[in-house]
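A.B. asks: One structure follows; several queries about it will come next.
In our numbering, the protein residues as written are 33 to 278.
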C-alpha cells in the first residue's frame, strides 16, 4: 500500500492510496498522547484480514495539539485533558464519567476534521456518503462528534474504546436528525470490559443512545482494557466489508 504525507486543512495526514479502483475511504483518528502515525498500521492489517478492503483509501490525521511540553515528544491531542485527574482516577478505580464534559476547543477541531473529510473526498472524487469515520479513545470521541453534529452524510462510524461525551449536545443532534428524517448510518463500537481509562459502563451508555436513535450498532465487548485486540480487528474488517459502498 502506497503511503504519502500531506497537510489537509491544517492537519498533517498520512494518506494511503488504494490498490484497487477506489470505492470509499476510511479516516481514523488516534488517541490522546499518541503520534499522528499511531494507527497507520491498521490499514494493512485490515486489508490482510479482508482483501475486499483494498478498494478503500485510508487517511490518518494528526491531532492539532502538541504535547511535547508535557514530556511526550511525538504525542498529540484533539483537546487537552487533566493528566493528574486521569492518573488519580485510574489509580483509585474511580469511574470517569465524561458525558457532561464539553471540551472548549471541540467545536473548532470538529470543524477542522470535517474539512479534512471533505478534502479527502475531493482527493478521491467521492461523495461523503462513501466515507467511514472513526478512531481510538479520544480519536473516537472527535469522530463521533463530527458524525453526529455535522450535516455530512457518511458510510459509517467506527468507535474503538470511545465514550459518551457532551451528552446534551449529542442527544440534541440525534433528535434533530430524527426530525429531519436523516437516514441513520451504521456504527461499529468496541470496548474492553476492564478498561481503566474510559469505563465500560459509559461505552454502553453511548451504545444505547445511538441505538435508540435508530442507528444499527454492532457492539463488540471484549475481555481486555484500553486497546484494540485482534478479535476487534477481525470484526471491524468484516463490518467494513459488509458496509462497503457498491
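C-beta: ideal position from N, C-alpha, C; glycine also.
These numbers come from a predicted model, not from an experiment.
#1: For residue 227, does the count of other Cβ atoms within 10 angstroms reach 16, so buried, or fall short, so exposed?
#2: What is the rounded straight-line gap between the Cα of residue 144 and the Cα of residue 257?
#3: May I have a chain-ordered list of the alpha helix (DSSP H) segments no shorter than 4 residues that lie completely inside the stretch 206 to 256?
#4: For the structure I just gave you, are there three or more beta carbon pairs, one from the stretch 88 to 108 and one from the stretch 197 to 217, closer than 8 Å?
#5: Just grab the DSSP bridge partners of residue 48 for me.
#6: Answer with buried or exposed for residue 132, where buried requires no fewer than 16 other C-beta atoms within 10 angstroms of its C-beta.
#7: Between residue 170 and residue 63, is the Cβ-Cβ spacing less than 8 Å?
#8: Any contact between the stretch 154 to 167 and the stretch 136 to 143? By contact I mean 3 or more CB pairs, one from each, below 8 Å.
#9: If contacts are defined as beta-carbon pairs under 8 Å, then residue 200 and residue 221 qualify, I think. What distance do you get, rounded to the angstrom?
#10: Could you work out which residue in 231, 162, 52, 268 is closest to residue 33 when comparing CA atoms only?
#11: Could you say if the stretch 69 to 85 and the stretch 260 to 275 meet the contact criterion of at least three C-beta pairs nearer than 8 Å?
C.D. replies: With the structure as the only source:
#1: As a working mapping, residue 227 is identified with position 195 in the chain shown. Buried: at least 16 other Cβ atoms inside 10 Å.
#2: As a working note, residue 144 is residue 112 in the chain shown. As a working note, residue 257 is residue 225 in the chain shown. When rounded, the distance between both Cα atoms is 30 Å.
#3: 232 to 244
#4: no
#5: The residue you call residue 48 lines up with position 16 of the chain shown. Its beta-bridge partners are 35, 90.
#6: Here residue 132 is taken as the residue at index 100 of the chain shown, counted from 1. Exposed, since its Cβ has fewer than 16 Cβ neighbours within 10 Å.
#7: What you label residue 170 is simply residue 138 of the chain shown in a count that begins at 1. What you label residue 63 is simply residue 31 of the chain shown in a count that begins at 1. It is a contact, given that the beta carbons lie within the stated cut-off.
#8: no
#9: The count along the chain shown starts at 1 and reaches residue 200 at position 168. The count along the chain shown starts at 1 and reaches residue 221 at position 189. The pair is not a contact, with the Cβ atoms about 21 Å apart (cut-off 8 Å).
#10: Within the chain shown, numbered from 1, the residue matching residue 33 stands at position 1. Considering only alpha carbons, the answer is 52.
#11: yes
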